[in-house]
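Residue numbers (the working numbering), protein chains in the order written: chain A, 118 to 254; chain B, 524 to 776. The C-beta atom is built at its ideal place from N, Cα and C for all residues, glycine as well. Working notes for the structure below.
Below, the structure written as structure tokens:
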């Protein structure tokens, strides 16, 4: 009988760290990684907005250059991807909201479904507000 | 008594780790009767009684209360006393010790780390001042009970730790069950230990390590919802922080 490093009647624990691709085997973990990764879409929109503001401050020429870039196929493609990312990111986070939010009305706890409906309604109202602002003002 | 289906069998690929024999774990395949009333734990007991008496694993109540028999079946953390063989037919079923924990022997993990963390969050009712006996019990309304009851159902089976990739990668993370139990006492109207627990829970190893994967709640056999408990605690502690900054004169508990 070979004992190696093991000392009789003393535990010799076996412990292995999870591999780098621990998340690929289960859809729930893949969905989690996607939710985290799609935050890059949010970052993309922030960078675009800041660049836009910067271009405006630089004068009409810089603004025209940036506006032209926005219309380029590369920009349209990136926007398409970023939009899908942000949509996935937002929906997955919105669906988790009832777990984190405990809201009481008097003595009763408001059910998660109602919190979800309220959140989505707010999202819709704010989006509609921006849409109105962009198309009419 | 009718024991249907005793003629068919199912294979169990069982994780073996015998530190006196091997440095890396191996798998042994055992063929057991596929009885419709057998759970995985019955199959393991059959192996130990009839095929290989050296197989080591933990179990006790066989009715989903003690939380001892948690293992991985085909990669999912489950209570083996509550998982029927027939649901895995035609098999094979790969039975492994709970993921993310060090293995002591075969299907037995070392739970020292969990026990230390459980103790760290002070899982008992902390009262500022004991009432004199003649004042009677510490009463609670059904609504006050409802606030924490769900989180008190934890049986310390540690399935949630096996489902939590954060705990797998950062073993210093206090982890789902211990954090849910901290919340169980924080929400108890008789408890005054909120601040003491906050000092532990708001450290790097506490609630902020959780990235809300949510699988701890999915695998929980008692529907405790540790993920919910942790997120609710994040919201509550953020509110407290803002209150303490904006209203420093407020009475901090």
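* Asked: Is the beta carbon of residue 211 of chain A sitting closer than 7 Å to the one on residue 236 of chain A?
  -> yes
* Among B:657, B:624, B:531 and B:591, the one whose alpha carbon lies nearest that of residue 608 of chain B -> B:531
* **Local conformation of residue 593 of chain B per DSSP, three classes** => strand
* Spell out the partners DSSP gives residue 657 of chain B in its beta bridges. => According to DSSP, which records beta bridges pairwise, residue 657 of chain B is partnered with nothing at all.
* At a CB-CB cut-off below 7 Å, which residues of chain A make contact with residue 755 of chain B? -> 217 and 219
* Could you tell me whether any Cβ in chain A is nearer than 7 Å to the Cβ of residue 612 of chain B? => no
* Asked: Which residues mark the beginning and the end of the beta strand (DSSP E) in which residue 538 of chain B is found?
  -> 532-539
* Mind pulling the chain B residues with CB within less than 7 Å of residue 149 of chain A? -> 736
* Quick one, which of B:633, B:719 and B:682 has its alpha-carbon nearest residue 598 of chain B's? -> B:682
* Asked: Which residues, in order along the region 616-645 of chain B, keep a beta-carbon less than 7 Å from a beta-carbon of chain A?
  -> 625, 626, 627 and 633
* Would you kindly work out how many angstroms separate the C-alpha atoms of residue 586 of chain B and residue 606 of chain B, rounded to a whole number? => 11 Å
* For residue 130 of chain A and chain B, any beta-carbon pair shorter than 7 Å? -> yes
* To do: Can you give me, in chain order, the residues of the region 156-175 of chain A that have a beta carbon less than 7 Å from any beta carbon in chain B?
  => none
* Are the C-beta atoms of residue 745 of chain B and some chain A residue less than 7 Å apart? -> no
* Alpha-carbon to alpha-carbon, residue 625 of chain B and residue 557 of chain B -> 31 Å
* **Whether residue 534 of chain B touches residue 552 of chain B by CB criterion (7 Å)** => yes
* Residue nearest to residue 731 of chain B in terms of C-alpha spacing, selected from B:635, B:763, B:689 and B:592 -> B:689
* Flag residue 144 of chain A as yes if its beta-carbon sits less than 7 Å from any beta-carbon of chain B, otherwise no. => no
* Option in B:768, B:742, B:729 and B:714 with minimal Cα separation from residue 653 of chain B -> B:714
* Could you run through the region 530-546 of chain B and flag, in chain order, every residue whose CB is less than 8 Å away from some CB of chain A? => 540, 542, 543, 544 and 546
* Check residue 780 of chain B in the structure and name its three-state DSSP category. => Past the boundaries of the shown model lies residue 780 of chain B; chain B is included only from 524 to 776, so the question cannot be answered.
* Asked: Given a limit of 7 Å on CB to CB distance, which residues of the region 645-658 of chain B reach chain D?
  -> Although the question refers to chain D, the structure presented lacks it and instead comprises the protein chains A and B.
* Could you give the DSSP three-state label for residue 187 of chain A: helix, strand or coil? => helix
* To do: Return yes when the Cβ of residue 644 of chain B is within less than 7 Å of the Cβ of residue 703 of chain B, no when it is not.
  => no
* **residue 577 of chain B, DSSP secondary structure in three states** => coil
* Using a Cβ-Cβ cut-off of 6 Å (strictly less than) and excluding sequence neighbours within five positions of residue 691 of chain B, which residues of its own chain qualify? -> 623
* Cβ of residue 237 of chain A less than 7 Å from any chain B Cβ? -> no
* Asked: Alpha carbon to alpha carbon, what distance is there between residue 736 of chain B and residue 149 of chain A?
  -> 6 Å
* For residue 790 of chain B, is the classification buried or exposed, using 16 other Cβ atoms within 10 angstroms of its Cβ as the cut-off for buried? -> There is simply no residue 790 of chain B to check, as chain B begins at 524 and stops at 776 in what is shown.
* Proximal chain B residues relative to residue 135 of chain A, where beta-carbon distance stays under 9 Å -> 622, 623, 688, 691 and 692
* Asked: In the DSSP assignment, what residue or residues form a beta bridge with residue 556 of chain B?
  -> B:532
* For residue 755 of chain B, which residues from the same chain have a beta carbon less than 8 Å from its beta carbon, with the 5 sequence-adjacent residues on both sides left out? -> 706
* To do: Look at the Cβ atom of residue 678 of chain B, then the Cβ atom of residue 741 of chain B, and state whether they are nearer than 7 Å.
  => no
* Leaving out five residues on either side along the sequence, give the residues of the same chain with a beta carbon under 7 Å from the beta carbon of residue 122 of chain A. => 129
* **Outcome for residue 239 of chain A when other beta-carbon atoms lying within 10 angstroms are tallied against a minimum of 16** => exposed
* **Rounded C-alpha distance that separates residue 659 of chain B from residue 766 of chain B** => 35 Å
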